[in-house]
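**Student:** Protein chains in written order, with this note's numbering: chain A, 337 to 585; chain B, 337 to 585; chain C, 10 to 319; chain D, 10 to 319. The beta carbon of each residue, even a glycine, is placed where N, CA and C say it ideally should be.
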Amino acid sequence: MDPIVTFCLRMGDTTLILGQQTAAWCGHAPVLEEDIAFANMGLDLIGQTQLWYEIAAEAEGKGRTPDDLAFFRTERQFLNAQLVERPNTDFAHALMRQYLFDAWHLPMQEALCDSSHEAIRDLAQKSVKEVRYHIDRSRDLIVRLGDGSDESRAKMQGALDALWPYAGDLMATDEVEETLAGQGVLPGLDRVRRAFDAETAATLSRATLTIPENGHARTGGRTGIHTETMGYILAEMQSVPRTFPDARW
Amino acid sequence: MDPIVTFCLRMGDTTLILGQQTAAWCGHAPVLEEDIAFANMGLDLIGQTQLWYEIAAEAEGKGRTPDDLAFFRTERQFLNAQLVERPNTDFAHALMRQYLFDAWHLPMQEALCDSSHEAIRDLAQKSVKEVRYHIDRSRDLIVRLGDGSDESRAKMQGALDALWPYAGDLMATDEVEETLAGQGVLPGLDRVRRAFDAETAATLSRATLTIPENGHARTGGRTGIHTETMGYILAEMQSVPRTFPDARW
Amino acid sequence: SEKDREFQEKIDRGVRIEANDWMPEGYRKTLIRQISQHAHSEIVGQLPEGNWITRAPSLQRKAILLAKVQDEAGHGLYLYCAAETLGISRDEMTEQLLSGKAKYSSIFNYPTLTWADMGAVGWLVDGAAIMNQVPLQRCSYGPYSRAMIRVCKEESFHQRQGFDVMRQLCEGTEEQKAMAQDALNRWWWPSLMMFGPSDKDSVHSEQSMRWGIKQNTNDELRQKFVDQTVPQAEWLGLTVPDPELKWNEETGCYDFGEPDWSEFFEVIKGNGPCNKDRLAARNKAWDDGAWYRDGLTAHADKQNQQIAAE
Amino acid sequence: SEKDREFQEKIDRGVRIEANDWMPEGYRKTLIRQISQHAHSEIVGQLPEGNWITRAPSLQRKAILLAKVQDEAGHGLYLYCAAETLGISRDEMTEQLLSGKAKYSSIFNYPTLTWADMGAVGWLVDGAAIMNQVPLQRCSYGPYSRAMIRVCKEESFHQRQGFDVMRQLCEGTEEQKAMAQDALNRWWWPSLMMFGPSDKDSVHSEQSMRWGIKQNTNDELRQKFVDQTVPQAEWLGLTVPDPELKWNEETGCYDFGEPDWSEFFEVIKGNGPCNKDRLAARNKAWDDGAWYRDGLTAHADKQNQQIAAE
């Protein structure tokens, strides 16, 4: 597969699955303001997904649409990072997942603002503002809830312990990223990891939370190896188009 | 639709969806013995489903297989009682749902043992022993957990309050049942309801539980009107065959 | 009293009442009840449509639905603020909703069973809501009137989106068209009931009209809704599930059948298809979120103590 | 000691040790560890296959899978009973599992990602398990030996069912065949690791063999598994993902590559793909079920008091 296609699917699948998980909180969040915020982040993520899939579909040149990519691929063909498919166990997990994603997503989009690939550069320049807004919000909540009550700290620490091993999958690279880095499509990848480390070290310390020692052990999403939650997410997400394969919506 | 087809789908869809919900407890029940019991009930229910669908498919005469009926119909075409699609909120709900189902299922199968329809009579005579075993088990648990600790009583009462309004959907009848009753296919329907009332009054009283006053308000499953949990059950259950519609398994 | 008479004169002259103006207790109570019910309806109204966000069949439809549900939460927020100007707190209103004491629009106690319901809800339910809400833009109470101006603008957008979902289905496969017809069949009567019982049976109508809180009778609005919606159904090629529906040359309006008001009163009483599920979902969200709200409060307290200590 | 020597002579003569016989503490401890680990493996082993029960693609496959998972729970039950004869309670063993102190077979820390995994797990994982378990039918400890006779009978049935799932996939569409190959690729190496590290690196092997708890070395069993499985893969038309795999005319066996033992030790340490999810699932089941267990105890206490009072 053209490395551009693979890369755009990795990005778009990651924003889609996170958007899907985020959107599931609508009407179920702890306060009305969070219902609104989660809907808003979900919207941004779905919008970004459409843009990534358009580039992927165009580069692939097989006439598939963004909806084909979202609704008619199987689990092993989805290339999202495992982090975003982790379950909506509770709102602490949802916030921590979002924060760890944002801490990678912002430097990634900033790097892509200098991409040699025009469509990717445009996408990044268009969405970097949204992403900056997301991390401002999630960073603030991590600090307030980490350094909040005993219960809120315990919840946030539990979520961090559960999710930290998956954060590395966001930054996993292989020959796809290396090829694109060599072409200037993906500039400054080394800076992304440093920025992630600096951001999380500073924020989690302010939040009085402890980074787990076992590191970023879990990877594989980028090559289509997922966790057992993924199949359920896709079954639900794809159910209507799969049931009526000839329909347009 | 031939009333035999409708009736067999109502029965088979009800056992299938309950089997599906029951089987989801495997590995997640409060004690190993319940893992085994729920798997066992699930097995019996799936087996009964196959028998009901065989009669339905044969009567329909369109060449559909039991698997076609299970995996390639949509929510509005499923005719199960709403009770069995109620969610696995906790194990108390699972036990109470099973008990209310059993309290109807046993007199229903006993009645069908005298059906004028040979295949239905055979099915009932074959499965009535399983069903008797199920209610012996679930009645016993309702009594022990209702008349158990304060917490277990509260849990069982909560489950009863939530599920009682749906129990009536098991016994809902329309011209389909009336036609079949007239033909002797469905003998003694009036006795089924009386048996249900007697069984639940006696058992719930021994369990020190209070039957809610608002009655059996919820119906509609028998005509394809479901609750919002149903779509998710089907999305999951049908996901593999829907994803690979040309495959055989 | 003198004050009451002056107040009524202000209303009659079309002067807007503002939060700090004197107002009769009955006027305040009526408004609190009505605005908070309306806010609760927006909050609970997230659930039936939220039910399909994760299953929307295209990325575009998913985004539109998500934006719509977000708007509903936003409307809830404006409306709670408007009610707060009358001296009730959001927490009090929330407590009334969660305990089942406060009402919300009965329509949200019906389930959304297929994707077509996203069309029908937008087209019919938002359509009926707008019919109810447009006159409220001219409500005598300023904060409510201004909230409604924002709400109505967004609602009419939602209604067009719902209609567009229906249009796409009706132009689609046989199965899609059947899905659209089925959704219309299920949502038609509950939508008509959204205007409330006939005026002769309506408790609060008369005083509310005198106070400029209500501008039209329930029956007037229902008639207007039918007259607007039936031609749209015809355009879509769908059949309105009312055998008594008929164009009346004389009145220039449609004659139509009577909704099943016993069903309406059952749903109001708490026995609708989803009453329990809706309240359970809202209570679960609130209970599960207690640690979050307490955590933020604890953090704010720490910050304040630090500032005080400095 | 004299007793130890007598015990060893009994073992050497092939006499079965029973629960009330004298036995060395080391023998008892080794057996408790091994039987309880085996029981825990059956319990945790419910999860990866349980994951597909609700999504099995035909009614027949759903029933077969459900029966299989039920058998696993049943095996857990026999094995807990066998361990209890050695003086440890089921609650103690459960506590050891839930706290992460006790181990279970590492293979269950891999995820089941497609329906084909139900084939691969049955064929390869049950296949390897049987290889390990058949000799245990002749284990020197009677209750364990008898439990294993029951277990083995059912396991070989499961293995055939798993193979049949693979066969059906390999005779199916291109997508199905690819799914089968993908499952083989993911499960091959973890299955080889099920026999444990090479004997030279295995801690307990020598003493266990002397005591008649273990009959074959890890490497012998692994070789046997490869020799049995490779022709089956060929029959299915699948490729074993080992470039070093080659028939050796001289030895009459297959030569094969070395598994990645660093992965094995990472998984053992708790860093496998699903270690946390598996323990979390078991802990949740146990914690959520506390009210159930307490309720039954409370009921039994009431009954006993009533009997005592009569």
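Could you have a look at I340 (chain A) and say whether DSSP puts it in helix, strand or coil?
**Tutor:** helix
**Student:** Given a limit of 8 Å on CB to CB distance, which residues of the stretch 112 to 133 of chain D reach chain A?
**Tutor:** P120, T121, L122, T123
**Student:** So, for Q170 (chain D): in the same chain, excluding its five sequence neighbours on each side, which residues have a beta-carbon less than 7 Å away from its beta-carbon?
**Tutor:** Cβ within range, chain order: I73, K77, G131.
**Student:** Please list the residues of the stretch 356 to 389 of chain B that have a C-beta atom closer than 8 Å to any C-beta atom in chain A, keeping them in chain order.
**Tutor:** Only those residues of the stretch 356 to 389 of chain B whose C-beta falls short of 8 Å from the nearest C-beta of chain A would be listed, and there are none.
**Student:** What residue does the beta strand (DSSP E) around N29 (chain D) start on, and which one ends it?
**Tutor:** Counting along the chain, N29 (chain D) falls outside any beta strand (DSSP E), and DSSP gives it neither H nor E.
**Student:** In three-state DSSP terms, what is D264 (chain D)?
**Tutor:** strand
**Student:** Please confirm if the stretch 454 to 465 of chain B is in contact with the stretch 523 to 536 of chain B, defined as three or more CB-CB distances below 8 Å between the two stretches.
**Tutor:** no
**Student:** How about S541 (chain A): is its C-beta nearer than 8 Å to some C-beta of chain B?
**Tutor:** no
**Student:** Take D472 (chain B) as the anchor and find which of B:R409, B:A439, B:K462 has the nearest alpha-carbon.
**Tutor:** B:A439
**Student:** Taking CB distances under 8 Å as the criterion, tell me whether Y502 (chain A) reaches chain B.
**Tutor:** no
**Student:** Confirm, please, whether the CB-CB distance from G304 (chain C) to S485 (chain A) is below 8 Å.
**Tutor:** yes
**Student:** Suppose the cutoff is 7 Å on Cβ atoms and the five residues either side in sequence are ignored; what does the same chain contact list for F265 (chain D) look like?
**Tutor:** V235, D251, E253, L254
**Student:** Looking at T63 (chain C): is its Cβ nearer than 8 Å to the Cβ of F580 (chain A)?
**Tutor:** Judged by their CB atoms, T63 (chain C) and F580 (chain A) are not nearer to each other than the 8 Å cut-off.
**Student:** Leaving out five residues before and five after S115 (chain D) in sequence, what residues of the same chain have Cβ atoms less than 8 Å from its Cβ?
**Tutor:** P199, M202, M203, F273, V276, I277, G281
**Student:** Could you tell me the boundaries of the alpha helix (DSSP H) in which K491 (chain A) lies?
**Tutor:** 486 to 507
**Student:** So which residues of chain B does R412 (chain A) contact, with C-beta pairs closer than 9 Å?
**Tutor:** Result: empty, since nearest Cβ-Cβ is about 11 Å, beyond 9 Å.
**Student:** Is it right to say N29 (chain D) is buried, meaning 16 or more other beta carbons lie within 10 angstroms of its own, or is it exposed?
**Tutor:** exposed
**Student:** Sort B:E511, B:P577, B:T555 by Cα distance to M337 (chain B) and report the nearest one.
**Tutor:** B:E511
**Student:** Show which residues of chain B have a CB atom less than 7 Å away from the CB atom of P144 (chain C).
**Tutor:** Under a criterion of Cβ atoms nearer than 7 Å, no residue of chain B is adjacent to P144 (chain C); the nearest Cβ is some 33 Å distant.
**Student:** Cβ of E572 (chain A) less than 8 Å from any chain C Cβ?
**Tutor:** yes
**Student:** Taking only runs that begin and end inside the stretch 223 to 275 of chain C, name each unbroken alpha helix (DSSP H) of 4 or more residues, in chain order.
**Tutor:** 227 to 245, 270 to 275
**Student:** To be precise: take each residue of the stretch 71 to 94 of chain C, compare its Cβ to all Cβ atoms of chain B, and keep it if any distance is under 9 Å. Which residues remain?
**Tutor:** Residues passing the 9 Å Cβ filter: none.
**Student:** For E58 (chain C), which option in A:T358, A:F374, A:C362 has the closest C-alpha, if you only look at C-alpha atoms?
**Tutor:** A:C362
**Student:** Compare the C-beta of F580 (chain B) with all C-beta atoms of chain D and state if any pair is closer than 8 Å.
**Tutor:** yes
**Student:** Tell me the rounded alpha-carbon separation between E319 (chain D) and A91 (chain D).
**Tutor:** 37 Å
**Student:** Is the CB-CB distance between L415 (chain B) and G560 (chain B) below 8 Å?
**Tutor:** In contact: L415 (chain B) and G560 (chain B) (Cβ atoms closer than 8 Å).
**Student:** Compare the C-beta of A460 (chain B) with all C-beta atoms of chain C and state if any pair is closer than 8 Å.
**Tutor:** No, because no Cβ of chain C sits closer than 8 Å to the Cβ of A460 (chain B).
**Student:** Y113 (chain D) by DSSP, collapsed to three states: which one?
**Tutor:** Reduced to three states, the DSSP call for Y113 (chain D) is coil.
**Student:** Name the chain D residues that come within less than 9 Å of K491 (chain B), Cβ to Cβ?
**Tutor:** W300, Y301, G304
**Student:** Quick check on Y150 (chain C): does DSSP put it in helix, strand or coil?
**Tutor:** Correct three-state label for Y150 (chain C): strand.
**Student:** Within the continuous alpha helix (DSSP H) that includes I73 (chain D), where are the two ends?
**Tutor:** 68 to 93
**Student:** Give the residues of chain A in contact with Y568 (chain B), contact being defined as C-beta atoms less than 8 Å apart.
**Tutor:** E572
**Student:** Just verifying my parser: in three-state terms, what is the DSSP assignment at C161 (chain C)?
**Tutor:** helix
**Student:** For chain A, check one thing: does any of its Cβ atoms lie closer than 8 Å to the Cβ of L68 (chain C)?
**Tutor:** yes
**Student:** In angstroms with no decimal places, state the Cα-to-Cα distance between L496 (chain A) and N118 (chain D).
**Tutor:** Roughly 21 Å between the two C-alpha positions.
**Student:** Mind checking the stretch 546 to 565 of chain B against chain C and listing, in chain order, the residues whose C-beta falls within less than 8 Å of any C-beta there?
**Tutor:** Hits within the stretch, in order: N550, A553, R554, G556, I561, H562, T563, E564.
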